[in-house]
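Note sheet for the following structure.
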Amino acid sequence: MSDESRRSSRELAQEYMSRGDSQGWFEELYRLAQGEMEHVPWADRRPSPLMLQVLAAGLDRPAGECAVVGCGLGDDAEELARRGYKVTGFDLSETAISWCHERWPDSPVRYLQADLLHLPPEMSEAFDLVVEINTLQAVPDALRMRMLAPLAGLLRPGGLLLVVCRMREEDERVEGPPWALCRSELDLLSADHCLENIRFELLIDGEDPPSRRYVALFRRPGA
Ligand SMILES: C[S@@+](CC[C@H](N)C(=O)[O-])C[C@H]1O[C@@H](n2cnc3c(N)ncnc32)[C@H](O)[C@@H]1O
């Protein structure tokens with residue numbers, strides 16, 4: 027990610043947030059990029075290496091229905107489809123979803139524009155695996171707290187939720203985006219939303235500069 031695209035996306039986010047809109051900047055950023063991936067700071071043109079590590083370690087169950095939350099330009103969704111999952115990739119941004127259709131014209135992935143905070147009822151408890159990479163950290167704390175229930179609500183009983191996000195210390199202040207998460211925020215998925223935490227790791231990613239990331243796997247009890 028170039029310093030320039032990082033700086034301009036932060037300015038765009040701050041401009042929207044100063045008007046009380048924490049989410050409008052995503053669509054605007056994709057629209058302004060005009061099909062040039064270098065203008066989308068998180069578009070790495072490859073699946074998340076940390077997701078690949080988790081998949082390589084094995085999830086101990088057959089591939090089933092999978093949701094990729096905030097799927098962006100689709101690299102993680104495509105990788106999961108290649109591995110046999112029946113994937114729904116959804117994103118708030120209509121332009122991101124159109125871009126996915128253009129990038130992957132023959133994809134088996136079902137791409138759709140949807141807001142995690144207002145999901146269609148048929149997505150409730152519909153997935154065996156839910157993948158959330160760098161989307162919780164893309165919104166400020168108060169909004170993020172409202173995303174935890176719908177995120178957990180996507181899981182079928184027995185389903186798994188993978189969260190990959192930047193890490194911050196409990197008393198550390200961050201100027202986002204991104205707004206790194208502290209451990210106690212992720213613990214709310216267990217404390218308030220009844221998911222079992224079955225894996226929790228702090229890893230250093232391979233980015234330049236490297237950052238500390240939580241890789242956490244949760245399971246919805248039942249089944
Ligand atoms: C930082 S990007 C990460 C994209 C992708 N997961 C990746 O790792 O490349 C965050 C994505 O979440 C999407 N997003 C933000 N709020 C959302 C919401 N409420 N529902 C669905 N998607 C959302 C944005 O449009 C953006 O594509």
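Going left to right, the sequence shown walks through residues 27 to 249 as this note's numbering numbers them. Just so it is clear, CB atoms sit at the ideal spot from N, CA and C, and this is done for glycine as well.
Residue state for residue 93 is assigned as strand, using DSSP reduced to three classes. Residue 191 and residue 160 do touch by the CB rule: their CB atoms are close to 6 Å apart, below 8 Å. Going by beta carbons, residue 179 and residue 151 fall inside the 8 Å limit.
The bridge partners DSSP lists for residue 139 are 117. Put simply, of 205, 31, 201 the residue whose alpha carbon is nearest the alpha carbon of residue 193 is 205. Judged by DSSP in its simplified three-state form, residue 148 adopts helix.
Look at residue 206 here: in three-state DSSP terms it is coil, with no helix or strand label. In this structure, the CA atom of residue 115 is about 14 Å from the CA atom of residue 90. In the DSSP assignment, residue 172 falls within the alpha helix (DSSP H) that extends over 167 to 179. In this structure, the straight-line span from the alpha carbon of residue 51 to that of residue 165 is close to 11 Å. The Cβ neighbour count for residue 102, taken over all protein chains shown within 10 Å, is at least 16; the residue is labelled buried.
A check of alpha carbon separations from residue 181 across 82, 247, 76, 67 identifies 247 as the nearest.
Minimum Cα-Cα distance from residue 154 among the listed residues 120, 195, 177, 230 corresponds to 177. Going by beta carbons, residue 244 and residue 221 fall inside the 8 Å limit. In the structure shown, the three-state DSSP call for residue 211 is helix. Taking 8 Å as the upper bound for CB-CB distance, residue 69 and residue 99 are in contact here, some 5 Å apart. Judged by DSSP in its simplified three-state form, residue 75 adopts helix.
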